[in-house]
Amino acid sequence: MVIRHPSPDPAPLVIAVDGPAASGKGTIAKALARHYGLPHMDTGKLYRACGLAVRLAGHDPYDAEAAAAAARAIDARLLDDPDLMSSLNSDYASIVSSHPAVRAALLETQQTFARQPGGAVLDGRDIGTVIAPDATAKLFVTAAPEVRAQRRYNELAGRGVDQTLADVLADIAARDARDSGRSAAPLVQAGDAALLDTSNLSIAAAVAAAIDLVEKARARRGR
Ligand code: DC
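With the numbering used here as the guide, the letters of the sequence shown map in order to residues 3 to 225.
Written as structure tokens, this is what we have:
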């Protein structure tokens, strides 16, 4: 007699997408989520909501206590605030994200999302290194600073925001330096992450390359 054991549930597909500002990581993460039918979390929005809360309360973003208090009580309505993605708020988000207590306050929400039984796609700065170190596939998406600045400039111009390309490039360089130079969970490529440079790629080509890298990682890990 052959006794059949039910086959175990397949391991969930968890995809970590990290990279600097305007690298294309958000667009790629959303496309991967659509392609694999997975939920997606843009973790930068959590830090942006924290930065916005600090701003609205008139606090200094370098005040770690005030920032941590804001991170522990994120108001979900701020996630849809039109000011969330502004350049000023990008700076606030980058500054508050350097406080270890802010990162600690936002850890559980992100890890709970990453550990959903069906899998998930998350994009940010420390997904592959801190939030989901066991992710099935890890991508580190980047592009030359000038290319990233041009993309952000086009996006801002499209929204009627008046900023010079030089100012946008300076903002991006400052944010890169802060996000990579902080001691708490800095932006670094995880040792087992695949590098995807989107400098010379269209969106369609970058998404196709990302899917290819995820498939290779799945094949390597047998999931
Ligand atoms: O991805 P974004 O540009 O919207 O993120 C805004 C800021 O939030 C970014 O400058 C650094 C911070 N951030 C972070 O420290 N860790 C993450 N996982 C996501 C964002």
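From the three backbone atoms N, C-alpha and C, an ideal C-beta is built for every residue, glycine too.
Legend entry - Three-way DSSP call (helix, strand, coil) for His42 in this model: strand
Inset, instruction - Could you tell me if the beta carbon of Tyr49 falls within a distance shorter than 7 angstroms of some heavy atom in the ligand DC? - result: yes
Inset, instruction - Would you check whether the ligand DC has a heavy atom nearer than 7 angstroms to the C-beta of Thr45? - result: yes
Legend entry - 8 angstroms contact criterion, which Arg120 and Asn91 should meet: CB distance rounded: The question names Arg, yet the displayed sequence has Gly at residue 120. That belief does not hold up - the Cβ atoms of Gly120 and Asn91 are roughly 32 angstroms apart, past 8 angstroms.
Inset, instruction - Report whether the distance from the Cβ of Asp164 to the nearest heavy atom of the ligand DC is below 7 angstroms. - result: no
Legend entry - Proximal residues to Asp85 (C-beta, below 7 angstroms), its chain only, five neighbours per side dropped: Leu54, Asn91
Legend entry - Given 8 angstroms, three or more beta-carbon pairs between the segment 135–153 and the segment 17–24: Contact between the segment 135–153 and the segment 17–24 is established, with three or more Cβ pairs separated by less than 8 angstroms.
Inset, instruction - Would you kindly check if the distance between the Cβ of Ala186 and the Cβ of Ser88 is under 8 angstroms? - result: no
Legend entry - Residues that Val19 bridges to, as DSSP identifies them: Partner(s): Asp125, Leu141.
Inset, instruction - Return the first residue and the last residue of the beta strand (DSSP E) that Leu109 is part of. - result: Element bounds for Leu109: not the beta strand (DSSP E) but the alpha helix (DSSP H), 102–116.
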